[in-house]
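K.L.:
Numbering (the working numbering), first residue to last: 1238 to 1332. Heads up, the beta-carbon is just placed ideally off N, CA and C, and yes, glycines get one too.
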Amino acid sequence: MKIREILRLVDRDPGVLARESVGGVMTRDVIVAEADDDVAYLMEVMTRNRIRHLPVMEEGRLLGMVSMGDVVNTLRQDVEAENRYLRDYVQGVVR
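What follows is the structure, given as structure tokens:
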């Protein structure tokens, strides 16, 4: 269940969370990431499915979570490094 769905549910019935179990509100068909997935691929999956957080699995074990913020930050760092390299190349620092 997405956060917006939970908020709508609580808005309609403020006491619902006190009566509901985690199993009743959890997402059952979970999209997961594998530890060796490419970051650009994760961004595509998360964007296409409107997901902000993904569990990361390896051999059936939960390793952790990855957020859209983690993905964007990693891609931003890659772009910054590439920009530095290109700037140095244009200035003749890199041959």
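Tell me where the alpha helix (DSSP H) around Glu-1342 begins and ends.
P.N.:
Because the chain is modelled from 1238 through 1332, residue 1342 falls outside the range shown and cannot be assessed.
K.L.:
State yes or no: is the C-beta of Met-1291 within less than 8 Å of the C-beta of Val-1276?
P.N.:
For the purposes of this step, residue 1291 is taken as residue 54 along the sequence shown, with counting starting at 1. For the purposes of this step, residue 1276 is taken as residue 39 along the sequence shown, with counting starting at 1. The question names Met, but residue 1291 is Leu in the sequence shown. Going by C-beta atoms, Leu-1291 is not nearer than 8 Å to Val-1276.
K.L.:
Helix, strand or coil for Glu-1271? Go by DSSP, reduced to three states.
P.N.:
By one-based count along the sequence shown, residue 1271 stands at place 34. Residue state, collapsed to three classes: strand.
K.L.:
Which residues share a DSSP beta bridge with Val-1303?
P.N.:
Within the sequence shown, numbered from 1, the residue matching residue 1303 stands at position 66. Partner(s): Leu-1291.
K.L.:
Please list the terminal residues of the continuous alpha helix (DSSP H) segment that includes Val-1253.
P.N.:
Numbered from its first residue, the sequence shown carries residue 1253 at position 16. Taken as a continuous stretch (DSSP letters only), the alpha helix (DSSP H) holding Val-1253 covers 1253–1256.
K.L.:
Ile-1243 and Thr-1262 - do their beta-carbons sit closer together than 8 Å?
P.N.:
Residue 1262 sits at position 25 when you count from the first residue of the sequence shown. Residue 1243 sits at position 6 when you count from the first residue of the sequence shown. Residue identity check: residue 1262 is Val in the sequence provided, not Thr. Yes, these two residues count as a Cβ contact at 8 Å.
K.L.:
By the DSSP assignment, the alpha helix (DSSP H) with Thr-1284 in it spans what residues?
P.N.:
Within the sequence shown, the letter at position 47 stands for residue 1284. Per DSSP, Thr-1284 belongs to the alpha helix (DSSP H) from 1276–1285.
K.L.:
Within the continuous alpha helix (DSSP H) that includes Val-1330, where are the two ends?
P.N.:
Taking the first residue of the sequence shown as position 1, residue 1330 is located at position 93. Note, Val-1330: premise wrong, no alpha helix (DSSP H); not H, not E.
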